[in-house]
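See structure below.
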Amino acid sequence: MKRTPTSQAGFSLIEALIAILVVAISVLAMGGLQLSSLRSTGSSMLRTIATQQAYDIADRARANMPAYRSGAYVGAGVSHAACFSLAGCTPQEQAEMDLYLWNQANASVLPGGQGVVCVDSTPNDGTPGTPDCDGVAGANLAIKIWWDDDRSGSSNQRFVQSVRP
């Protein structure tokens, strides 16, 4: 009995390899998207922490209005042992202690975290080394926070909040 030639059915080896290649490229692309998402999530988390830190020092200034009005929340913080005693400390010392504890918290919760509180009419400038606070009378209190965010490609990130307690 003589067989008639039939057309071939099913996948050839080349078709199967091409399908595997397409699936592999798709899986790699999905992995790249996942990695990009993780990088963005980490950067977003650090920016959220910086926002919380800015609100923290703003709330401390609002709670200590005599020291805020006298300009005590501008400058470097200093640790005062009297603030931990039963007798307490003056509003000026409390403001200096608030700045000291705030900067300690910045360094512990943000990688390379640094902050400055100053009077500045143009708050969106400056670097950690030179915060560029102009001290113009009547300007808002500028809270500037810097941290190292090597996930986003640029090392220094900045968050600035202007407040008038």
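Residue numbers (our numbering): 101 to 265. Every residue gets a Cβ at the ideal spot worked out from N, C-alpha and C, and that includes glycine. A quick note: this is a predicted structure, and the numbers were derived from the prediction, not measured.
query	result
Separation of GLY131 from SER137, as counted between CA atoms	10 angstroms
Which residues DSSP lists as bridging VAL127, in chain order	None, per the DSSP bridge assignment.
Coarse secondary structure for ASP198, derived from DSSP in three states	helix
Own chain, CB closer than 6 angstroms to ALA172, minus 5 neighbours either side, in chain order	GLN192, ALA195
Under 8 angstroms between C-beta atoms of ILE157 and LEU210	no
Where the beta strand (DSSP E) containing ARG169 begins and where it ends	Counting along the chain, ARG169 falls outside any beta strand (DSSP E), though it belongs to the alpha helix (DSSP H) covering 165-169.
Among GLY238, LEU241, SER208, ASP198, the one whose alpha carbon lies nearest that of LEU146	SER208
Residues bridged to ARG258 (per DSSP)	TRP246
Beta-carbon proximity of ASN240 to ASP248, cut-off 8 angstroms	no
Check whether GLY213 and ASN206 have beta carbons under 8 angstroms apart	yes
Distance, ILE120 Cα to ILE114 Cα	10 angstroms
The beta strand (DSSP E) enclosing GLY268, as first and last residue numbers	Limits of the chain in this structure are 101 at one end and 265 at the other, which puts residue 268 out of reach.
Alpha-carbon spacing of ALA154 relative to LEU133, whole angstroms	32 angstroms
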